[in-house]
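Participant: In order, the protein sequence lines correspond to chains P and B. Quick note on numbering: the first sequence equals residues 136 to 605 in my numbering. Quick note on numbering: the second sequence equals residues 3 to 255 in my numbering.
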Amino acid sequence: MAGLEDLPVEVSPRYEGERIRSGDMYVELAGPKSFGAELFKVMDHDEVRDGNVEVIGPDIDDMEEGERYPFGIFVKAAGEELEEDVEGVLERRIHEFCNYVEGFMHLNQRDQIWCRVAKKAVEKGFKLEHLGIALRELFKEEFGNVIDAIEVVLMTDEDKVKEFVEYAREVYAKRDERAKELSEEDVDEFYVCLMCQSFAPTHVCVITPDRTSLCGSITWHDAKAAYKIDPEGPIFPIEKGECLDPEAGEYEGVNEAVKEHSGGAVERVFLHSCLEYPHTSCGCFQAVAFYIPEVDGIGIVDREYTGDTPLGIPFSTLAGEASGGEQQPGFVGVSYGYMESDKFLQYDGGWERIVWMPKELKERVKHAIPDELYDKIATEEDATTVDELKEFLEEVEHPVVERWEEEEEVEEEEEKVEEEAAPAEAPTLEVGELPLVPGGGLNVKIVLKNAKIYAEKVIIKRVDKEGGEK
Amino acid sequence: MIIAFTGKGGTGKTLLASMTVLELIDSNVGDLLVIDADPDANMPDALGVDVETTLGDVRERFKREVESGELPPGFDKQAYMEYLVASAIEETDDFDLLVMGRPEGRGCYCAVNQWLRKVMSDLLPAYDAVVMDCEAGLEHVSRGIIEGVDHVVAVVDHSLKALKTAARIRDLLDELEVDVGSLHVVANRVTDEEFEVLSEKARELDLDIVGRVRPDPEVVRIDLEGLPVTELPPDSRARSDLREVLRRIGITG
Numbered sequence: 136m137a138g139l140e141d142l143p144v145e146v147s148p149r150y151e152g153e154r155i156r157s158g159d160m161y162v163e164l165a166g167p168k169s170f171g172a173e174l175f176k177v178m179d180h181d182e183v184r185d186g187n188v189e190v191i192g193p194d195i196d197d198m199e200e201g202e203r204y205p206f207g208i209f210v211k212a213a214g215e216e217l218e219e220d221v222e223g224v225l226e227r228r229i230h231e232f233c234n235y236v237e238g239f240m241h242l243n244q245r246d247q248i249w250c251r252v253a254k255k256a257v258e259k260g261f262k263l264e265h266l267g268i269a270l271r272e273l274f275k276e277e278f279g280n281v282i283d284a285i286e287v288v289l290m291t292d293e294d295k296v297k298e299f300v301e302y303a304r305e306v307y308a309k310r311d312e313r314a315k316e317l318s319e320e321d322v323d324e325f326y327v328c329l330m331c332q333s334f335a336p337t338h339v340c341v342i343t344p345d346r347t348s349l350c351g352s353i354t355w356h357d358a359k360a361a362y363k364i365d366p367e368g369p370i371f372p373i374e375k376g377e378c379l380d381p382e383a384g385e386y387e388g389v390n391e392a393v394k395e396h397s398g399g400a401v402e403r404v405f406l407h408s409c410l411e412y413p414h415t416s417c418g419c420f421q422a423v424a425f426y427i428p429e430v431d432g433i434g435i436v437d438r439e440y441t442g443d444t445p446l447g448i449p450f451s452t453l454a455g456e457a458s459g460g461e462q463q464p465g466f467v468g469v470s471y472g473y474m475e476s477d478k479f480l481q482y483d484g485g486w487e488r489i490v491w492m493p494k495e496l497k498e499r500v501k502h503a504i505p506d507e508l509y510d511k512i513a514t515e516e517d518a519t520t521v522d523e524l525k526e527f528l529e530e531v532e533h534p535v536v537e538r539w540e541e542e543e544e545v546e547e548e549e550e551k552v553e554e555e556a557a558p559a560e561a562p563t564l565e566v567g568e569l570p571l572v573p574g575g576g577l578n579v580k581i582v583l584k585n586a587k588i589y590a591e592k593v594i595i596k597r598v599d600k601e602g603g604e605k
Numbered sequence: 003m004i005i006a007f008t009g010k011g012g013t014g015k016t017l018l019a020s021m022t023v024l025e026l027i028d029s030n031v032g033d034l035l036v037i038d039a040d041p042d043a044n045m046p047d048a049l050g051v052d053v054e055t056t057l058g059d060v061r062e063r064f065k066r067e068v069e070s071g072e073l074p075p076g077f078d079k080q081a082y083m084e085y086l087v088a089s090a091i092e093e094t095d096d097f098d099l100l101v102m103g104r105p106e107g108r109g110c111y112c113a114v115n116q117w118l119r120k121v122m123s124d125l126l127p128a129y130d131a132v133v134m135d136c137e138a139g140l141e142h143v144s145r146g147i148i149e150g151v152d153h154v155v156a157v158v159d160h161s162l163k164a165l166k167t168a169a170r171i172r173d174l175l176d177e178l179e180v181d182v183g184s185l186h187v188v189a190n191r192v193t194d195e196e197f198e199v200l201s202e203k204a205r206e207l208d209l210d211i212v213g214r215v216r217p218d219p220e221v222v223r224i225d226l227e228g229l230p231v232t233e234l235p236p237d238s239r240a241r242s243d244l245r246e247v248l249r250r251i252g253i254t255g
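As structure tokens, this is what we get:
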């Protein structure tokens with residue numbers, strides 16, 4: 136069987152990045168003006184003709200110079216330890232391996248590949264069959280430990296490529312379904328992105344299968360790929376570590392990484408909460424989730440919406456509040472992708488706690504919102520003030536309304552006790568001292584959550600960074 | 003070799019950049035990429051090329067697809083960006099042309115530009131020479147989208163304003179953290195008498211003008227008729243003058 140050394144052109148990583156301009160090109164294969172696909176498929180042993188390299192349709196010597204042809208690359212492999220879930224990763228290597236071939240250019244992936252063969256390669260006697268041999272040999276060389284049998288089928292016949300593209304798309308769709316199902320429990324490593332530290336120096340973006348970067352641009356899969364391309368870059372893996380609270384999404388490894396890369400400014404992060412130890416925000420987030428104390432619910436507003444939220448301020452003002460890399464309970468930057476996660480703000484109650492969204496945003500993420508809640512979430516058409524929002528939520532019996540009732544019951548009970556125990560004008564609760572937790576850019580931090588305190592006076596004192604009073 | 007032309011609007015930097023492209027083609031420089039990085043400039047017209055897509059267009063498309071989650075989870079965005087940039091390159095027999103097009107819109111471009119930077123830093127070294135036409139702010143250079151510039155040519159005309167812009171460009175280059183090679187000030191559309199006065203004014207601003215391109219009736223003719231710069235004969239005064247300047251700078255042999 137022919138090896139790499141028998142080919143008329145060289146095969147080496149140094150040909151990667153070689154650009155074949157139209158003037159130097161013999162033929163173009165697939166690309167934006169034609170069609171094609173590539174596929175790496177794990178199959179049963181009897182479905183793979185080991186070592187076979189085949190070209191279905193015209194090879195180079197039957198092609199017209201300067202023409203364009205459809206193109207399919209089908210790599211079939213079998214192996215005892217070869218699992219279906221590595222198909223995507225191995226398929227990405229087709230791109231790399233093709234570009235090792237002198238005089239062959241390969242761009243992009245899946246059903247959007249774009250290839251060119253250089254005139255100078257054809258002059259040396261290059262044929263597509265040789266590309267097939269190069270792929271076979273390179274896959275064996277690099278993954279011989281898991282690949283027991285391999286076959287490479289290249290297609291240039293129009294009907295054959297059409298058929299193949301359809302088949303490949305079905306395989307991609309199944310693969311994507313599997314990838315979407317991946318969640319935090321399934322992986323040992325998360326990723327951290329420090330790209331935005333240039334303007335939010337303490338911001339550490341934690342990327343998990345359930346949580347894309349706040350800007351919405353980098354998924355866990357992207358982060359993994361980015362780290363492979365540039366291990367010195369701003370995106371790198373962190374150990375997930377022990378899960379301290381699955382509901383909150385608190386992980387030992389995340390806390391450690393955030394502490395280290397925020398220079399100690401942030402020590403604890405709940406990945407799935409807006410209310411407690413929220414993830415910090417750079418300023419690049421696609422949307423911001425904000426707590427509305429009057430209704431004990433959470434609103435979400437995205438960058439696209441320019442009107443006011445029920446808080447009386449627009450996205451831009453809220454974004455200013457939430458950004459800068461400081462942890463601010465009640466505010467958290469989120470991406471559209473994260474809204475689609477099953478873990479979306481689950482510690483706070485998830486979608487049951489969401490009370491307001493701009494109409495367009497609500498429509499955009501409709502598929503992620505539980506059906507029974509969709510009509511219960513107010514938009515700017517239902518409420519533009521907190522009072523209107525309150526009224527709306529009561530009318531539609533939003534789940535947060537139950538929270539108000541619980542609070543009222545507690546309140547009533549307390550009032551009864553008070554009436555019995557104390558004379559009329561005495562305070563319900565006497566607070567000798569109100570401890571304040573230093574944090575954020577402010578020197579004070581006050582979280583009054585579900586609190587009913589009757590006091591004559593509330594004194595807020597400035598506390599220094601070390602925690603001692605001054 | 004990457005050469006960036008910049009300067010105050012109206013000084014003729016697009017003309018000089020286009021004529022430089024012609025000189026490089028005539029000297030058989032090899033693979034040549036032309037980048038139109040000034041939203042107000044018109045390299046495609048000057049070089050007589052029709053352009054369908056700009057880098058700004060594909061960047062917006064990429065951003066929209068990424069942010070809307072349209073791209074499948076396992077999709078390699080780096081490779082996709084490379085493909086989009088390649089699809090925005092207009093190819094002719096003598097050179098490739100990339101128009102940067104519209105500037106960034108609303109929202110966050112951190113991640114998008116990170117991918118784009120990687121593509122550009124892989125793409126540019128694949129060419130033997132790159133000629134850019136930039137606005138005076140050198141946005142794409144200062145943002146690090148385009149790295150490894152060897153020569154910055156600041157074009158001035160007979161006006162003091164243009165000289166002051168050149169001085170600002172020099173200050174900007176000093177402030178940039180990236181290395182942008184050397185700055186050359188070239189006067190365009192000036193007579194020898196004007197050039198003498200101009201050189202003196204330049205010295206007051208601590209600038210050294212490396213050479214001049216004199217007024218040329220041939221240039222006026224193609225301007226009037228809306229013809230591309232490629233119509234200028236090689237022995238026209240403007241092209242001969244520029245050839246001399248480029249040789250002095252060390253861009254052509």
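Cβ atoms here follow ideal geometry from the backbone N, Cα and C, with glycine treated the same way.
How is the beta strand (DSSP E) around Pro-372 (chain P) delimited, first residue to last?
Facilitator: Unbroken beta strand (DSSP E) run through Pro-372 (chain P): 370-374.
Participant: Assuming contact is defined by CB atoms lying nearer than 8 Å, are Ser-352 (chain P) and Val-68 (chain B) in contact in what I supplied?
Facilitator: For Ser-352 (chain P) and Val-68 (chain B), yes; Cβs fall inside 8 Å.
Participant: Kindly list, in the order they appear in chain P, the residues whose Cβ is closer than 7 Å to that of Cys-110 (chain B).
Facilitator: Residues of chain P passing the Cβ test: Cys-350, Cys-419.
Participant: Residues in the stretch 79-90 of chain B with C-beta within 7 Å of chain P's C-beta atoms, listed in sequence order?
Facilitator: Answer in chain order: Lys-79, Gln-80, Ala-81, Tyr-82, Glu-84, Tyr-85, Ala-88, Ser-89.
Participant: For Lys-315 (chain P), go through chain B and note every residue whose CB falls closer than 8 Å to its CB, in chain order.
Facilitator: Ordered by position in chain B, the residues that pass the 8 Å Cβ test against Lys-315 (chain P) are Pro-75.
Participant: Taking three-plus beta-carbon pairs below 8 Å as touching, is the stretch 265-273 of chain P in contact with the stretch 171-178 of chain P?
Facilitator: Contact fails: fewer than three Cβ-Cβ distances are below 8 Å.
Participant: Comparing the C-beta of Arg-438 (chain P) with each C-beta of chain B, is any distance below 8 Å?
Facilitator: Yes, Arg-438 (chain P) lies at the interface with chain B (some Cβ there is under 8 Å from its Cβ).
Participant: Nearest to Ile-285 (chain P) by CA position, among P:Arg-156, P:Asp-179, P:Lys-297, is which residue?
Facilitator: Closest by alpha carbon: P:Asp-179.
Participant: Could you give the DSSP three-state label for Asn-234 (chain P): helix, strand or coil?
Facilitator: Asn-234 (chain P) falls in the helix class under three-state DSSP.
Participant: For Ile-364 (chain P) versus Tyr-326 (chain P), is the C-beta distance shorter than 8 Å?
Facilitator: Not in contact: Ile-364 (chain P) and Tyr-326 (chain P) (Cβ atoms no closer than 8 Å).
Participant: Who are the neighbours of Gly-2 (chain B) on chain P, taking C-beta pairs under 8 Å?
Facilitator: The structure shown does not extend to residue 2 (chain B), since chain B spans only 3 to 255, so no value can be given for it.
Participant: Taking C-alpha atoms, which residue in P:Gly-201, P:Glu-429, P:Ala-165 lies nearest to Glu-542 (chain P)?
Facilitator: It is P:Glu-429 whose Cα lies nearest to the Cα of Glu-542 (chain P).
Participant: Would Pro-236 (chain B) pass as a contact of Asp-95 (chain B) if the rule is Cβ separation under 8 Å?
Facilitator: No, they are not a contact pair.
Participant: For Ser-157 (chain P), go through chain A and note every residue whose CB falls closer than 9 Å to its CB, in chain order.
Facilitator: Going by chain labels, chain A is absent from the structure shown, which instead holds the protein chains P and B.
Participant: Using a Cβ-Cβ distance under 8 Å, would Gly-48 (chain B) count as near chain P?
Facilitator: In the sequence on display, residue 48 (chain B) carries Ala and not Gly. Output row for Ala-48 (chain B): interface = no.
Participant: Does the distance between the C-beta of Leu-200 (chain B) and the nearest non-hydrogen atom of the ligand NAD fall short of 7 Å?
Facilitator: With respect to small molecules bound, the structure shown includes none, and the ligand NAD cannot be examined in it.
Participant: What residues of chain B sit near Met-330 (chain P), judged by a beta carbon separation below 9 Å?
Facilitator: Neighbours of Met-330 (chain P) on chain B, chain order: Cys-112, Ala-113, Gln-116.
Participant: Short of 7 Å in beta carbon distance, which residues of its chain neighbour Glu-516 (chain P), apart from the five on each side in sequence? Order them along the chain.
Facilitator: Taken in chain order, the residues that qualify are Lys-494.
Participant: Could you tell me the distance, in whole angstroms, from the CA atom of Leu-18 (chain B) to the CA atom of Glu-177 (chain B)?
Facilitator: Roughly 26 Å between the two C-alpha positions.
Participant: Can you pull the chain B neighbours of Tyr-307 (chain P), defined as C-beta to C-beta under 7 Å?
Facilitator: Here the neighbours are Pro-74.
Participant: When you compare only the Cα positions, how much space is there between Glu-544 (chain P) and Val-535 (chain P)?
Facilitator: The straight-line gap from Cα to Cα measures roughly 15 Å.
Participant: What whole-angstrom Cβ distance do Thr-354 (chain P) and Thr-347 (chain P) have, given they're in contact under 8 Å?
Facilitator: Confirmed, Cβ separation roughly 5 Å.
Participant: If you draw a straight line from the C-alpha of Thr-232 (chain B) to the C-alpha of Met-21 (chain B), how long is it?
Facilitator: If you take the alpha carbons of Thr-232 (chain B) and Met-21 (chain B), they lie about 8 Å apart.
Participant: Leaving out five residues before and five after Met-160 (chain P) in sequence, what residues of the same chain have Cβ atoms less than 6 Å from its Cβ?
Facilitator: The answer, listed in chain order, is Arg-251.
Participant: How about Leu-263 (chain P): is its C-beta nearer than 8 Å to some C-beta of chain B?
Facilitator: So no, Leu-263 (chain P) is outside the interface.
Participant: Would you mind reading off the limits of the alpha helix (DSSP H) that contains Ser-89 (chain B)?
Facilitator: Unbroken alpha helix (DSSP H) run through Ser-89 (chain B): 79-90.
Participant: When you compare the CB positions of Arg-250 (chain B) and Gly-213 (chain B), do they come within less than 8 Å of one another, or not?
Facilitator: Yes, they are a contact pair.
Participant: Can you pull the chain B neighbours of Thr-354 (chain P), defined as C-beta to C-beta under 8 Å?
Facilitator: Pro-75, listed in chain order.
Participant: Using 8 Å as the cut-off, can you tell me whether the stretch 92-111 of chain B makes contact with the stretch 375-386 of chain P, which would need three or more C-beta pairs spanning the two stretches below that distance?
Facilitator: No, they do not touch.
Participant: List the residues of chain B whose Cβ lies closer than 7 Å to the Cβ of Pro-167 (chain P), in chain order.
Facilitator: What Pro-167 (chain P) touches in chain B: Ser-89.
Participant: What separation, rounded to the nearest whole angstrom, lies between the Cα atoms of Gly-484 (chain P) and Asp-33 (chain B)?
Facilitator: Each residue's Cα considered, the two are about 59 Å apart.
Participant: Under the assumption that Ser-123 (chain B) contacts Glu-149 (chain B) (Cβ atoms under 8 Å), give the Cβ distance between them as a whole number of angstroms.
Facilitator: Contact flag correct, Cβ pair sits at about 6 Å.
Participant: Quick one, which of P:Asn-234, P:Glu-189, P:Glu-215, P:Glu-301 has its alpha-carbon nearest Ser-147 (chain P)'s?
Facilitator: It is P:Asn-234 whose Cα lies nearest to the Cα of Ser-147 (chain P).
Participant: Run through DSSP, which three-state label would Asn-390 (chain P) get?
Facilitator: Looking at Asn-390 (chain P) - three-state DSSP - the assignment turns out to be helix.
Participant: Residues of chain P with a CB under 7 Å from the CB of Asp-194 (chain B): which are they?
Facilitator: Ordered by position in chain P, no residue passes the 7 Å Cβ test against Asp-194 (chain B), which lies about 40 Å from the chain.
Participant: If we ignore side chains and look at the alpha-carbon of each, how far apart do Asp-431 (chain P) and Lys-525 (chain P) end up?
Facilitator: Between Asp-431 (chain P) and Lys-525 (chain P), the C-alpha separation is close to 10 Å.
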